[in-house]
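Reviewing the structure listed below.
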Amino acid sequence: MIQGATLVEQDSFGPKVYLLANGDYLKLFRRKRWLSSALLCPHSRRFLANAAALGKLGVPTLEPRQLFRLDKAGWTAVTYRPLPGQTLSQLLKSGEESWESLVQPLARFINQLHLQGIYFRSLHLGNIVRTPEGTLGLIDIADMRVRRAPLGRSLVRRNREHFDKYIRKEKLPYRSETLWALCDELSPT
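Numbering-wise (the working numbering), the sequence shown opens with residue 110 and increments by one.
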């Protein structure tokens, strides 16, 4: 399956994501601890369920193709069609967009996610895609939960903290305070 594929991402345990010859991606998942909730519901299944949940909520995301259980214990994989577009991180780094031009649509998008009960621990500029149609969507969705009600303040705060951590880690020159002030201003509650 990975013959002719390009390695896109890896960590200390090995390959994580391949770009396949047909344009799809292969994402590998490993169970990090022997005894964990991933034993009952592997991250690959969560990935598929999250894609379906986002689709039902009208949030653009990738299109899962197939789930695989690998021979190596604790490993699974998913093939998927990527969400067309560029991440906000790519747009900002290339200079195609400015932080000022993205703050308002980003604030609206984040508020929409929170109102729909979407808690996305990996909410950051590298996982938010602007599609060719100009809408925002999510990728790398394994680490996400959809709740029945809008997110409470503590989960909103945690989502914001993850976003801020990414900006600091990547040493990006953007002030998230502007984003959070706008989110608060636009929030219906």
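By construction, the Cβ of each residue, glycine as well, lies at the ideal position given by its N, Cα and C atoms.
Remember, it's a predicted structure, so these values are computed and weren't measured experimentally.
Collapsed DSSP secondary structure at residue i in the structure displayed
| i | result |
| --- | --- |
| Pro-241 | coil |
| Pro-214 | helix |
| Asp-120 | strand |
| Gly-164 | helix |
| Ala-186 | strand |
| Gln-221 | helix |
| Lys-278 | helix |
| Glu-172 | strand |
| Leu-200 | helix |
| Leu-288 | helix |
| Leu-260 | coil |
| Leu-135 | strand |
| Leu-192 | coil |
| Leu-157 | helix |
| Leu-234 | coil |
| Leu-129 | coil |
| Asp-293 | helix |
Cβ neighbours of residue i in the same chain (closer than 7 Å, five flanking residues each side left out)
| i | result |
| --- | --- |
| Phe-122 | Arg-139 |
| Pro-124 | Leu-116 and Leu-137 |
| Ser-153 | Phe-138, Leu-176, Thr-185, Ala-186 and Val-187 |
| Gly-113 | Ala-130 |
CB-CB length for residue i against residue j, believed under 8 Å
| i | j | result |
| --- | --- | --- |
| Phe-272 | Leu-232 | 5 Å |
| Ser-198 | Leu-234 | 4 Å |
| Ile-250 | Ala-160 | 6 Å |
| Met-110 | Leu-128 | Met-110 to Leu-128, Cβ: 12 Å. No contact. |
| Leu-247 | Leu-163 | 6 Å |
Contact set for residue i: own chain, Cβ-Cβ below 6 Å, skip 5 residues either direction
| i | result |
| --- | --- |
| Leu-200 | Glu-206 |
| Asp-252 | Arg-230 and Ser-231 |
| Thr-196 | Gly-235 and Val-238 |
| Asn-268 | Leu-232 |
Buried versus exposed call for residue i [16 or more other C-beta atoms within 10 Å across all chains shown]
| i | result |
| --- | --- |
| Thr-170 | buried |
| Arg-178 | exposed |
| Arg-256 | exposed |
| Thr-240 | exposed |
| Arg-155 | buried |
| Thr-287 | exposed |
| Gly-243 | exposed |
| Pro-173 | buried |
| Leu-148 | Residue confidence for Leu-148 is low, a pLDDT of 49 falling below 50, so the modelled location carries little weight; the figure read from the coordinates is stated next. Leu-148 is exposed by the Cβ-count criterion. |
| Leu-222 | buried |
| Leu-260 | buried |
| Gly-204 | exposed |
Contacting residues, own chain, Cβ-Cβ under 8 Å from residue i (five flanking each side not counted)
| i | result |
| --- | --- |
| Leu-166 | Gln-225, Ile-227 and Val-255 |
| Gly-132 | Arg-190 and Pro-191 |
Beta-bridge pairing of residue i - partner residues as DSSP gives them
| i | result |
| --- | --- |
| Phe-229 | Met-253 |
| Arg-266 | Paired residue(s): none; Arg-266 is not in a bridge. |
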